[in-house]
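Peer 1: Protein chains in written order, with the numbering used here: chain A, 278 to 575; chain B, 278 to 575; chain C, 278 to 575; chain D, 278 to 575. Here a beta-carbon is modelled for each residue, glycine too, at the ideal position from N, C-alpha and C. Can you read through this structure? Questions will come right after.
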């Protein structure tokens, strides 16, 4: 399929690579051009503007960090996606953006005779590289089917959750909330275990050797147990961004989410300690500090 | 091995059964005698007092609901375990009790020349029946080894966590905290998903079909999604009891555990709605109520 | 002084009235014209547009409900305040708006050679009518002095907090946070007292007869004790708005404010019960409900 | 009146002094005898045991730090109050103890033909010295009347709250909760104000110069603004004790009190930083730390 791809960060770059490997013809755009050039040897064309990546394609994928980045490429006056994407083509929005922006994109594309699918992903860069992402997709049924070859090239499984695109974004935010809640819970439990003089690794071994035998518990458990949060797999500042989008959706729906509020405060405290570029699991540091635990005796 | 067993509730009865099946000679005591009589056909002897179950045995297992029940059978004046258990024999305490009582038991038994192992379990009645419990054991190394044939008859795996018996109780409480935190998190996420007009079962299917592919997420997720919390697998009032014991340990160690505090409030609100005998997952009902969600459209 | 006044709601109308009484020449604008007409007999001129209230005046007062209302009158294309206020004149912004908008107003007015003072108030409609408001003012020193005759006509006391206008808005939001926190605390205490079978009015009498001998405790205490929250003195939906602005400022400053987060959840739960138009003290209803207390036996 | 007095700490000593000044005949007991000896020159008799202070008196006042201290003097085998207080005499329990212990005392005294009044106080040592305490009293009506001359010698006002003695203790705990909640709220607001570059003393001046014009706001506000919490007016460890008693009563009544839970976590965090002997307002330190504020630039 002839496709465009915008956003070649830690996630986007391997995803684009997998699309090329699967035989799709790709035109890529990235604000920092050098990251686009790295895909040239594989056969990618380079666009000089967001609109350039969208013109003449059947599908355009965006994989960008936040709402503003998406707005910038879609609505850039004169050279934005919205003015270049052919009528009948589909925009597949795969970053974690707000439910509100997703709705706006859905409506705006519709008004231009273009299609829109929200398809945020679960998984870290390694999963992206291995084409093992989980994809949560929503949008008009026919378009979802049409995009399937692209999604299959990037993920191990796609969950279609209906015709209303923003639903996929809400679900993605809710999943991230469950991760952050798991991280905070582990942090509190580890603080108690450490402060009681026990070995958190023994505790973690019990968890993952019995009822919580799951990669996410093993991976995050190990990070939190080590009390080392750099380099970041997923930046704390992005975790706060997702938390903020979740709370906005919760507020719109009049749904109190006290754990989400508590995690929000942890993010702010972590930012206040300068941990914005650390892994989002660094909210554990606040649980440790408030327990009087010095940083891990490494 | 010649052993005693006290506490034949939903968990204790199948555990005792498995000990008999494995060839051990059992003398059992239960406050409600009829439950003890049910084991007679299998070859169990019935004791008329706690002390009767302890006298002449090599090991005595207790599987009781709370601190008070344990204190009652151990310290019952005249016919308690403490006065009947032979010197050199070992008390294996398998219920979820406080760290403080576990320490007291450890010291008191030691003073009598008896031994003490704390060995709380993870798993519900079905797992107990299938001898698939996970056992967290702590106490003097030699005694742990000595008890292994008994533990192996009841569980699929034993984690030894050191010589200090109360450590096992602390870890068990911390695991239960992680369960309750998972339940509350799911409840908040489900409230948001429901209130946003989406199907929680679709959401749950995504969770368990991707990153949270685990029986505990599947089972509790299904209960919370159904908004039906009876009959109880594990009673809410017992969940509160464990939460209270955890908070007591956290307080003793000067460790703030905000999610544990939040869950505590959920338990109280649920009790105030008369949900004490419902499953502990019924704290989800409060998240639903505070979101203005009527009970599930079943 | 020749002045304009925009926003004649429950607060604005009596404030404008007091300005006229003090001898100032007023041109007023209100979206619903009939409210402006009520001031005509007192001598007010009526403007047909926001800009009409601003043209030719020395000072323009706005007393509007939220950021959007302020943006609408200031930036209305063609007939907004920003294009009509004379250079050298001053905009006195007295509603509770965000720190961010206050900064933007400060900068935009400055760019037009106009002046800007933020002067939010403490007090309810009765205090506004009695010219007993407390005013928190910030902005260029000379302008503050210049506006003093106007402020004195509306309030009993003005606190000048410096040259940076948005500081006044931040302080106002922080004061409102203290009110909401007091309300939630009283609600929790009253729930305990009621559920323990004691009379909350006796309890309230002790509070206000000893260490909390203060009108705000007496007034809000009486409302919460009665469990009757209509008609609203200050609407719950506006309380949520102020809470949201506070949390935005806290987030910008990386300051976790857990009580503010908790109160936020109470607002959402109250909205979910349809209490948006009740008094903001109706967050007490959630504390009562979560305690299993039926509505007050009135 | 012939009376006994047990507990001559920072509060008890001036209270006893005021009783003597008012003409009552006092026999005093204190664990550390030297503190009792200081009252000898004023005419106090010294008892060698708690029972000694109770024998032959018409009324016995206890002013002790916690439940354990009260249990120790009342139930001390052989020389406790319970065995020495004459039938018909009354025990006035003025310390802040648990509702549960108050109930037990009420019943035990009743069983001995003795009377019991709970009469906890509001006020700090300076108020005790000036006989300006507020007293919350409950118990049999006739006994309350009988004790009035004693209470009037120690306080400026007594609130009688009914015949059920423990009600006074519950109310006292609820008042202390309101204090701690006020402290935490101020701390959060001050953290925001400080972090935003404003002067907290200006902010505090506005509060106490307008709607929160009250000694408790002035005094605690000044302490929190200074970020200096030593010497303690009321120790943080005692604040935690009262908070714990409140939460126990809330738990007994199935009343969730989220702010009380939040304050509880602040106490633990403060203890973990070694602030147990600082003023209870030192929970503000945690709000500052979590905001990334170094200790006050003094």
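Does DSSP put residue 560 of chain C in a helix, in a strand, or in coil?
Peer 2: helix
Peer 1: So residue 413 of chain B packs on residue 483 of chain A, CB below 8 Å; how close in whole Å?
Peer 2: 6 Å
Peer 1: Exposed or buried, residue 457 of chain A, counting other C-beta atoms within 10 Å across all chains shown (16 or more means buried)?
Peer 2: It is buried - the Cβ of residue 457 of chain A has at least 16 other Cβ atoms within 10 Å.
Peer 1: Can you confirm whether residue 487 of chain B, when its beta carbon is compared against all beta carbons of chain A, has any partner nearer than 9 Å?
Peer 2: yes
Peer 1: Determine which residues share a DSSP beta bridge with residue 511 of chain C and list them.
Peer 2: DSSP, once it has assigned bridges, lists no residue as partnering residue 511 of chain C.
Peer 1: Under 7 Å, CB to CB, which of the residues in the stretch 453-472 of chain A have a partner in chain B?
Peer 2: 454, 455, 458, 461, 462, 465, 466, 468, 469, 470 and 472
Peer 1: Quick one: which chain D residues come within Cβ less than 8 Å of residue 511 of chain C?
Peer 2: By Cβ distance, chain D contributes nothing, its closest Cβ being about 13 Å from residue 511 of chain C, past 8 Å.
Peer 1: Answer with buried or exposed for residue 418 of chain C, where buried requires no fewer than 16 other C-beta atoms within 10 angstroms of its C-beta.
Peer 2: exposed
Peer 1: Can you check whether the C-beta of residue 560 of chain B is within less than 9 Å of a C-beta belonging to chain C?
Peer 2: No, its Cβ sits nowhere closer than 9 Å to a Cβ of chain C.
Peer 1: For residue 461 of chain B, is the classification buried or exposed, using 16 other Cβ atoms within 10 angstroms of its Cβ as the cut-off for buried?
Peer 2: buried
Peer 1: For residue 573 of chain D, I'd like the list of residues in its chain whose CB is within less than 6 Å of its CB, leaving aside the five on either flank, ordered along the chain.
Peer 2: Low local confidence applies: a pLDDT of 40 at residue 573 of chain D is under 50, so the model's placement there is unreliable, with the coordinate-based value given in what follows. Apart from sequence neighbours up to five positions away, the residues of its chain that approach residue 573 of chain D with a beta-carbon distance below 6 Å are 504, ordered along the chain.
Peer 1: Nearest-angstrom Cα distance between residue 307 of chain A and residue 287 of chain A?
Peer 2: Between residue 307 of chain A and residue 287 of chain A, the alpha-carbon positions lie close to 12 Å from each other.
Peer 1: How close, in whole Å, do the beta carbons of residue 437 of chain B and residue 486 of chain A come, if the pair is a contact with beta carbons under 8 Å?
Peer 2: With 8 Å as the limit, residue 437 of chain B and residue 486 of chain A do not qualify as a contact, their Cβ atoms being about 12 Å apart.
Peer 1: May I ask you to list, following chain order, the residues of the stretch 512-535 of chain A that have a beta carbon less than 8 Å from some beta carbon of chain C?
Peer 2: 521, 527, 528, 531, 532, 533, 534 and 535
Peer 1: Does DSSP put residue 422 of chain A in a helix, a strand or coil?
Peer 2: In this structure, residue 422 of chain A counts as helix in the three-state DSSP scheme.
Peer 1: Go ahead and pull the three-state DSSP assignment for residue 326 of chain C.
Peer 2: coil
Peer 1: Can you name the residues of chain B whose CB is closer than 9 Å to the CB of residue 568 of chain C?
Peer 2: Chain-order list of chain B residues neighbouring residue 568 of chain C: 545, 546 and 549, by C-beta distance under 9 Å.
Peer 1: Using beta carbons (cut-off 9 Å, strictly below), is residue 367 of chain B in contact with chain A?
Peer 2: no
Peer 1: Using only alpha-carbon positions, find the residue among D/337, D/535, D/313 and D/420 that is nearest to residue 360 of chain D.
Peer 2: D/337
Peer 1: In this structure, how does DSSP classify residue 366 of chain D when only helix, strand and coil are distinguished?
Peer 2: coil
Peer 1: I'd like to check one pair, residue 522 of chain D with residue 376 of chain D: are the Cβ atoms closer than 9 Å?
Peer 2: yes
Peer 1: Suppose you measure from the CA of residue 514 of chain A to the CA of residue 511 of chain B; what does that come to, to the nearest Å?
Peer 2: 39 Å
Peer 1: Just reading off the alpha helix (DSSP H) that residue 469 of chain C is part of, what are its end residues?
Peer 2: 443-472
Peer 1: Give a yes or no on contact between the stretch 527-537 of chain B and the stretch 555-570 of chain A, applying the rule of three or more CB pairs nearer than 8 Å.
Peer 2: yes
Peer 1: Which of the three DSSP states, helix, strand or coil, is assigned to residue 389 of chain C?
Peer 2: Of the three classes helix, strand and coil, the one that applies to residue 389 of chain C here is coil, per DSSP.
Peer 1: Could you give the distance in angstroms between the alpha-carbon of residue 463 of chain D and the alpha-carbon of residue 429 of chain A?
Peer 2: Here the alpha carbons of residue 429 of chain A and residue 463 of chain D stand approximately 54 Å from one another.
Peer 1: May I ask you to report which of helix, strand or coil DSSP gives residue 414 of chain C?
Peer 2: strand
Peer 1: Just the Cα atoms here: how many angstroms apart are residue 517 of chain C and residue 317 of chain A?
Peer 2: 52 Å
Peer 1: Looking at C-beta atoms only, is the number of pairs between the stretch 435-454 of chain C and the stretch 463-479 of chain C that lie closer than 8 Å three or more?
Peer 2: Segments in contact, no.
Peer 1: Counting only Cβ-Cβ distances shorter than 9 Å, please list the residues of the stretch 377-394 of chain B near chain A, keeping chain order.
Peer 2: Cβ contacts with chain A come from no residue of the stretch 377-394 of chain B.
Peer 1: The alpha helix (DSSP H) that contains residue 434 of chain B, what's its start and end?
Peer 2: Not the alpha helix (DSSP H): residue 434 of chain B falls in the beta strand (DSSP E), residues 432-437.
Peer 1: For my contact list, residue 392 of chain B and residue 382 of chain B are in at a C-beta cut-off of 8 Å; report their separation, rounded to the angstrom.
Peer 2: With a beta-carbon spacing of about 11 Å, residue 392 of chain B and residue 382 of chain B fall beyond the 8 Å limit used to define contacts.
Peer 1: What in chain C is Cβ-close to residue 542 of chain A, meaning under 8 Å?
Peer 2: Chain C residues near residue 542 of chain A: 533, 534, 535 and 538.
Peer 1: Classify residue 575 of chain A: buried if its beta carbon has 16 or more other beta carbons within 10 angstroms, exposed otherwise.
Peer 2: Unreliable placement is indicated for residue 575 of chain A, whose pLDDT of 36 sits below 50; no coordinate value is reported for it.
Peer 1: What do you reckon, are the CB atoms on residue 293 of chain C and residue 334 of chain C nearer than 9 Å?
Peer 2: no
Peer 1: Residue 553 of chain A: buried (16+ other C-beta within 10 angstroms of its C-beta) or exposed?
Peer 2: buried
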